[in-house]
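Student: For the record, the sequence lines run as chains A and B.
The first sequence lines up with residues 0 to 355 when you count with numbering that gives the first Met the number 0.
The second sequence lines up with residues 0 to 545 when you count with numbering that gives the first Met the number 0.
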Amino acid sequence: MRDLSLRARAFIGITAASLLAFACAPDPVDDVPVPDSTGDVDVEDEAPGPITVYSGRNEDFVGFIFDDFELATGIEVAVRYGDTAELAATIVEEGEASPADVYFAQDAGALGALQDQGLLTELPEDILEVVEPTFRSREGEWTGTTGRVRVLAYNTDNVDPAELPDSVFDLTEPEWQGRVGWAPTNGSFQSFVTAMRLTEGEEVARAWLEGMLANDAVEFPNNTAIVEGVSRGEVDLGITNHYYLYRFLAEDPEFPVDNHYLPGDIGGLVNIAGVGVLASSDAEEAAFELVRYLLSEEVQVFFGQNADTIEFPVVAGVEAPGLPSLAEIDPPNVDLSNLEDLQGTLQLLQEVGALA
Amino acid sequence: MSAHLPSPGDQLTRPVPERPTRRSGTRRVAGIHPAVWVPSLLVAAAMLLPALYLVLATVELPPARIWEIATDPATLRLGGRTLLLGASVTAASLLLGIPLAWLTVRSDLPARRFFAVATGLPLVIPTYVGAFALVGAFARGGLVEEWFGVVPPAPYGFWGAFAALTLFSFPYVLITVQSGLRGIDPTLEEASRLLGNGPVRTFLKVTVPQLRASAAAGGLLVMLYVFSDFGAVSILRYSTFTRGLYLQYRAAFDRSPAALLGLLLVGMTIVVIVLEARVARDRGGQFGARGPTRPAAAVPLRAWRWPAAGLCSVVVLLGLVTPVTVIGFWLVRGLQAGEQVNVALGPAGRSILAAGLGALAAVAAALPVAIWSARSSSRIARLVERASFTGYALPGIVVALALVFVGIRLATPLYQTLAMLVFAYVVLFLPQAIGAIRTSLLQVNPNVESASRVLGGTRLTTLRRVTLPLARRGAIAGGALVFLTALKELPATLLLAPTGFDTLATRVWSATEEAFYTRAAVPALFLILIGSVPLAIAMIRERRER
């Protein structure tokens, strides 16, 4: 850096050095002790672990839960955050040697795929029995931690709630032409199409997709973009998951969007975020301990109330005050374990031209 | 950045007989020390790892299925769309980058020095941030409508992806051509003017032909970048090979069809590289003993001065000011709503650490390859240099999963360490460093090295005392470029960094993924700032050293 003055060089040097010091130091936030909701810190003498979690769920939603778990049990948790499907692909590539012990996914399809490849281990009975059967694998190799419901998010300025449809099948009617947003590349949308193929049959699903395309459904890259597009009036209605709305409301209380539930309709599918323990894990017990913690009443209650996540508890008897009850939602009867046939869905989406 | 991505410089200003023949090139091959070609071959082998992985994953499919996917109309359509987008963005980048480079280097443009750097800065904006910001500004109900009451055309589909990618990647052309212009001897243009040609004709007939190689080098970086981009095409809804490939990975948990798409992309890359080599008409070197004899006089723009400044302003406005404004707006809106903002110094430090080491490693790996390909006309040297483009043109997720597959089996102790991540950055961004170093060497007459040999220096001493110091400017420029792109890198960082090693890019991704725009704002602004500094310094140095 011949032509930089000595002072400039000193400045760059000091800045770089201090940033590197930060890089090596833990985050300032991490230093703040996280208050344990139970009030006591019960560190066992010989904590098993440490464990590694591959989390497709966002750090902003679950990071502090892992911190609390560490405090409560003394089991160290290292977390790698990423995209749900990319992390599943990573686990497949890693095979037996995978450093991961626990896989935390955004949807049932990814867990079903790992279960199919024999990469997950069976969860103990005491874990499975507390979870509502609709929210866990029938093979017992993964369990949901929260439920998320497919809804129609609508613009409250442009749509009269009375004109809202009772079924996704109404969205192919002329009155909704060009007014509906969807995300055909999105995992939870594809799970919904898979469910539609299973319950209504391949031909009905194909006809619905073609009808939506003919009706000029507007494509978005993901659910947040849909909700945003609805708020801006780009579309009046979006096919999405229920919980995205709350995050926008947290940043902007005037946000002009509300959720419309579709009880009994396939469009009201209940999916899960869930966990599985890897068959290759060398810290199985500690991993099960984490799963138990995620299903504990305090964490379940928290998932149902936290402004960022408001999701449905999966443990029988725990309610989320801001959400309709499971009975009101009346979810369609779909075995979530069967949602892993995404290749078929992908092919269908490609054939009808939804992925053009 | 500077001097060097391009190449041409003085080659056309020299009398034809000085041009080396293939024979003289072959003779020089004999002079290449094993300290150059042995590491070069190792680097090339490492660069081909992703392609090897793709082959392994593809052959899991039955041949009939391979044929079926490869000839599927949907696949062909994706290929066509990818080529269309790549070719259009490259053409637009050339049409924008070459005139802007000329304006900012050779004319009496108002605020020329400012624009020379500012028009290059859109390169620091990651497309996954830039595209989001463009949607926030131009989509229905976006900031433009809110603030100015006009509804601009929707930024989606082909035109949206085209505009965004041109805006955020045309600086590859700008920077290489700026540097090429500074390497041109101005006497030819003066002769053309004296012979009665106007400024436009002189530019088209004398200047542009001399910029051929530098424009082609920049255009190649743009085109192959478009092949690999996921951020802009997914947010702006235009399907390319890379988007289809991500879809396969994300939706189907089936790596083999995705791997086949990856291999087809490698095939397209090879075609583009061969075409580029023809366009650039690379003669294996140019041999000006000195650079330009004196700086060129600024060409007066007269009545065009202010329209030209207007064009530069529009580029800076769209490519830099708009994204920064939208991000700033997210920040302010969130703060007003009572959002907490984390200053993100830790991720900033980790970003600088990883990208910095990536830049150093890329320069180290690029040096032997660049020296070999600049100082010999051996076909192998050329092949090795070109092999480095494989990783650059492939989507990050492919390279990342390839290194997961290989790393956990062959380099277990290094798996998910910083070393692994740095290695991934080298595989992804090496061509940027090679191009810069190679060009800086091409601009120096190899007679300098011959002199060292005649004076009794061994090949190794010559390499150490003469060649390496000559490569210094190129190394700094290439390092700055790798640093900047590594800073923005996402898929490999997510999968290969040490567990818990969050960087600015991963912070931005995780926040925008869940629509926490306020939380995305601070790391995004940091990312833009930290990327701008080395780029600006390299661009200013380049200007001074000339």
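Even for Gly, the Cβ is constructed at its ideal location relative to N, Cα and C.
1) Indicate the three-state DSSP secondary structure (helix, strand or coil) for Leu-220 of chain B in the structure shown.
2) Looking at C-beta atoms only, is the number of pairs between the stretch 277 to 284 of chain A and the stretch 536 to 545 of chain B that lie closer than 8 Å three or more?
3) Tyr-248 of chain B lies in the beta strand (DSSP E); which residues open and close that run?
4) Any idea if Val-31 of chain A is buried or exposed, counting beta-carbon neighbours within 10 angstroms, 16 or more meaning buried?
5) Along the stretch 42 to 75 of chain B, what residues have a CB closer than 8 Å to any CB found in chain A?
6) Using 10 angstroms around the beta-carbon of Pro-183 of chain A, count the other beta-carbons present and answer buried if the total reaches 16, otherwise exposed.
7) Take the Cβ of Gly-108 of chain A as the centre, count every other Cβ of all protein chains shown within 10 Å, and call the residue buried at 16 or more, exposed below.
8) Return the CA-CA distance between Ala-360 of chain B and Ser-227 of chain B, expressed in angstroms with no decimal places.
9) To the nearest angstrom, how far is it from the Cα of Ser-384 of chain B to the Cα of Ile-407 of chain B?
10) By Cβ distance, which residues of its chain are closer than 6 Å to Ala-510 of chain B, with the 5 residues on each side in sequence left out?
11) Name the chain A residues whose beta carbon is nearer than 7 Å to that of Tyr-248 of chain B?
12) So that I know if they touch, is there some Cβ in chain A lying closer than 7 Å to that of Ala-216 of chain B?
13) Which whole-angstrom value describes the C-beta separation of Val-128 of chain B and Val-507 of chain B, a residue pair presumed to lie in contact below a C-beta threshold of 8 Å?
14) Measure from the C-beta of Val-325 of chain B to each C-beta in chain A and report whether the shortest distance is under 7 Å.
15) Strictly by DSSP, which residues pair up with Leu-344 of chain B?
16) Give me the DSSP bridge partner(s) of His-259 of chain A.
17) Here's a check: name, in chain order, each residue in its chain whose Cβ is nearer than 7 Å to the Cβ of Val-333 of chain A, leaving out the five neighbours to either side.
18) My understanding is that Pro-367 of chain B touches Pro-38 of chain B, with C-beta atoms under 8 Å, so please give their C-beta distance in whole angstroms.
19) Go through its chain and collect everything with a Cβ distance to Arg-289 of chain B's Cβ below 6 Å, but skip five positions before and after it.
20) In three-state terms, what does DSSP make of Tyr-102 of chain A?
21) Listed from N- to C-terminal order along the chain, which residues in the stretch 125 to 155 of chain B have their beta-carbon within a distance smaller than 7 Å of any beta-carbon of chain A?
22) Using a Cβ-Cβ distance under 7 Å, would Asn-57 of chain A count as near chain B?
23) Give the residues of chain B in contact with Arg-246 of chain A, contact being defined as C-beta atoms less than 8 Å apart.
24) Report the three-state DSSP secondary structure of Arg-139 of chain B (helix, strand or coil).
25) Pick out the complete alpha helix (DSSP H) segments inside the stretch 29 to 91 of chain B, 4 residues or longer, and give them in chain order.
26) Under a CB-based cut-off of 7 Å, is Gln-176 of chain A close to chain B?
27) Roughly how many angstroms lie between the CA atoms of Glu-95 of chain A and Ala-88 of chain A, to the nearest whole one?
28) Using a Cβ cut-off of 8 Å, pull out every chain B residue sitting near Glu-227 of chain A, in sequence order please.
29) Output, in sequence order along the chain, the residues in the stretch 333 to 358 of chain B whose CB is closer than 7 Å to any CB in chain A.
30) Distance check for Ile-272 of chain B and Asp-59 of chain A, CA to CA, integer angstroms please.
31) Does the beta-carbon of Thr-223 of chain A have 16 or more other beta-carbons within 10 angstroms, so that it is buried, or is it exposed?
32) Applying the 10 Å Cβ sphere with the 16-neighbour rule, what's the burial state of Val-555 of chain B?
33) Taking 6 Å as the limit between beta carbons, can you name the residues of its chain near Gly-159 of chain B, skipping five residues before and five after?
34) Please state whether DSSP places Arg-137 of chain A in a helix, a strand or coil.
35) Relative to the alpha-carbon of Glu-131 of chain A, which residue among A:Gln-189, A:Gly-146 and A:Leu-119 has its alpha-carbon at the smallest distance?
36) Cα separation between Gly-337 of chain B and Glu-250 of chain A?
Tutor: Put simply:
1) Against the second sequence, residue 220 of chain B aligns to sequence position 221. In this structure, Leu-220 of chain B counts as helix in the three-state DSSP scheme.
2) no
3) Numbered from its first residue, the second sequence carries residue 248 of chain B at position 249. Per DSSP, Tyr-248 of chain B belongs to no beta strand (DSSP E) and is neither H nor E.
4) Here the question's residue 31 of chain A lines up with position 32 in the first sequence. Unreliable positioning characterises Val-31 of chain A in this predicted model, as indicated by a pLDDT of 39, which lies under 50. A coordinate reading is not provided.
5) Ala-73
6) Looking up residue 183 of chain A in the first sequence gives position 184. Under this definition Pro-183 of chain A is a buried residue.
7) Residue 108 of chain A sits at position 109 when you count from the first residue of the first sequence. By the neighbour-count rule (16 or more Cβ atoms within 10 Å), Gly-108 of chain A is buried.
8) Taking the second sequence and counting its residues from 1, the one referred to as residue 360 of chain B is at position 361. Taking the second sequence and counting its residues from 1, the one referred to as residue 227 of chain B is at position 228. Approximately 22 Å between the Cα atoms of the pair.
9) If you number the second sequence from 1, residue 384 of chain B lands on position 385. If you number the second sequence from 1, residue 407 of chain B lands on position 408. Correcting the residue identity first, residue 384 of chain B is Glu in this sequence and not Ser. Looking at the two C-alpha atoms, the distance is approximately 27 Å.
10) Taking the first residue of the second sequence as 1, we reach residue 510 of chain B at position 511. Taken in chain order, the residues that qualify are Arg-518 and Ala-519.
11) The count along the second sequence starts at 1 and reaches residue 248 of chain B at position 249. Per Cβ cutoff of 7 Å: Ala-84, Glu-85 and Ala-88.
12) By 1-based counting over the second sequence, the position of residue 216 of chain B is 217. Closer than 7 Å: no.
13) Sequence index remark: in the second sequence, residue 128 of chain B carries index 129 (1-based). Sequence index remark: in the second sequence, residue 507 of chain B carries index 508 (1-based). About 6 Å; that satisfies the 8 Å criterion.
14) In the second sequence, residue 325 of chain B corresponds to position 326, counting from 1. No, Val-325 of chain B lies away from the interface with chain A (no Cβ there is under 7 Å from its Cβ).
15) Reading the second sequence from its first residue, position 345 is the one you call residue 344 of chain B. Answer by DSSP bridge pairing: none, since Leu-344 of chain B is not bridged.
16) The count along the first sequence starts at 1 and reaches residue 259 of chain A at position 260. Partner(s): A:Leu-151.
17) By one-based count along the first sequence, residue 333 of chain A stands at place 334. Contacts found: Ala-194, Leu-197, Thr-198 and Leu-268.
18) Working through the second sequence from its first residue, we reach residue 367 of chain B at position 368. Working through the second sequence from its first residue, we reach residue 38 of chain B at position 39. With 8 Å as the limit, Pro-367 of chain B and Pro-38 of chain B qualify as a contact, their Cβ atoms being about 4 Å apart.
19) The residue given as residue 289 of chain B occupies position 290 in the second sequence. Any reading at Arg-289 of chain B needs caution, since the residue's pLDDT is 46, under 50, leaving its predicted position unreliable; the model's value is listed next. For Arg-289 of chain B, where only same-chain residues beyond five positions count, there are no Cβ hits under 6 Å.
20) Position 103 of the first sequence, counted from the first residue, corresponds to residue 102 of chain A. Tyr-102 of chain A: strand per DSSP, three-state reduction.
21) Ala-138, Arg-139, Gly-140 and Gly-141
22) Numbered from its first residue, the first sequence carries residue 57 of chain A at position 58. It does; some Cβ of chain B falls within 7 Å.
23) Taking the first residue of the first sequence as position 1, residue 246 of chain A is located at position 247. Chain B residues near Arg-246 of chain A: Glu-513, Ala-514 and Phe-515.
24) For this step, residue 139 of chain B is matched to residue 140 along the second sequence. Coil at Arg-139 of chain B, not helix or strand.
25) 33 to 46, 48 to 57 and 62 to 70
26) Along the first sequence, read from residue 1 onward, the residue named residue 176 of chain A stands at position 177. It does not: the Cβ of Gln-176 of chain A has no partner Cβ on chain B nearer than 7 Å.
27) Counting from 1 along the first sequence, the entry for residue 95 of chain A is found at position 96. Counting from 1 along the first sequence, the entry for residue 88 of chain A is found at position 89. Taking the straight line from one Cα to the other gives about 13 Å.
28) For the purposes of this step, residue 227 of chain A is identified with residue 228 of the first sequence, where counting begins at 1. Within 8 Å Cβ-Cβ: Ala-514.
29) Gly-333, Ala-336, Glu-338, Asn-341, Leu-344, Gly-345, Ala-347, Gly-348, Arg-349, Ile-351 and Leu-352
30) On the first sequence, residue 59 of chain A is found 60 positions in, with the first residue counted as 1. On the second sequence, residue 272 of chain B is found 273 positions in, with the first residue counted as 1. Each residue's alpha carbon lies about 43 Å from the other.
31) Here residue 223 of chain A refers to the residue found at position 224 when the first sequence is read from its first residue. Burial call: buried.
32) Residue coverage of chain B in this structure runs from 0 to 545, which leaves residue 555 of chain B outside it and unanswerable.
33) In the second sequence, counting from the first residue as 1, residue 159 of chain B sits at position 160. If we look at Gly-159 of chain B and ignore the five residues flanking it on each side, its Cβ neighbours are Leu-235.
34) The residue you call residue 137 of chain A lines up with position 138 of the first sequence. It is coil, neither helix nor strand.
35) In the first sequence, counting from the first residue as 1, residue 131 of chain A sits at position 132. Considering only alpha carbons, the answer is A:Gly-146.
36) On the second sequence, position 338 is the one that residue 337 of chain B refers to. On the first sequence, position 251 is the one that residue 250 of chain A refers to. Approximately 8 Å, taken between the alpha carbons.
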